[in-house]
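K.L.:
In this note's numbering, the protein residues as written are 26 to 155.
(1) Over what stretch of residues does the alpha helix (DSSP H) that includes residue 134 continue unbroken?
(2) Assuming residue 102 and residue 62 make a contact with CB atoms under 8 Å, what is their CB distance in whole Å?
(3) For residue 74 and residue 150, I'd like the C-alpha separation in whole angstroms.
(4) Taking buried to mean at least 16 other C-beta atoms within 10 Å of its own C-beta, is residue 123 buried or exposed?
(5) I'd like to know whether the C-beta of residue 145 is nearer than 8 Å to at least one C-beta of chain D.
(6) Can you give me the start and stop residues for the alpha helix (DSSP H) that residue 101 sits inside?
(7) Just curious, the alpha helix (DSSP H) that residue 85 is in, first and last residue?
(8) Which two residues bound the contiguous alpha helix (DSSP H) that contains residue 62?
Structural data, given as structure tokens:
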């Protein structure tokens, strides 16, 4: 009987980790799609309130750029892509790290990038981009 309880507990823990990993991957993918498409309002939906502030500061800086530079940035955004390489959930299941490769015009080879997410109540929110 005790062996069955241990097996059930292990299965429940594995299912929880898989769910957290799936939530982190989904949030990261949705954030990255919106962010690199320069759809910051949608990207902010996948962020902590603290990180929303960081994005809003970036938007303010972009709005002061000349129109020609802004247009070139939009063109580059269309040609930008990413690939999620790994998702690692912390042992205490409160955070996750998502590593991804960013391909963009002018980069040459893909750049290794990282997102940090906070996990709570079945949701994952981006808290930092490295």
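C-beta atoms are modelled at their ideal positions from N, C-alpha and C, and glycine is treated no differently.
P.N.:
Let's see:
(1) Per DSSP, residue 134 lies in no alpha helix (DSSP H) and is assigned neither H nor E.
(2) Taking 8 Å as the upper bound for CB-CB distance, residue 102 and residue 62 are in contact here, some 6 Å apart.
(3) Between residue 74 and residue 150, the C-alpha separation is close to 9 Å.
(4) By the Cβ-count criterion, residue 123 is buried, with 16 or more other Cβ atoms from all chains shown falling within 10 Å of its own Cβ.
(5) Included in the structure is just one protein chain, with no chain D present.
(6) Start and end: 92-103.
(7) In the DSSP annotation of this structure, the continuous segment of the alpha helix (DSSP H) that includes residue 85 starts and ends at 74-88.
(8) Segment: none, residue 62 is in no alpha helix (DSSP H) and carries neither H nor E.
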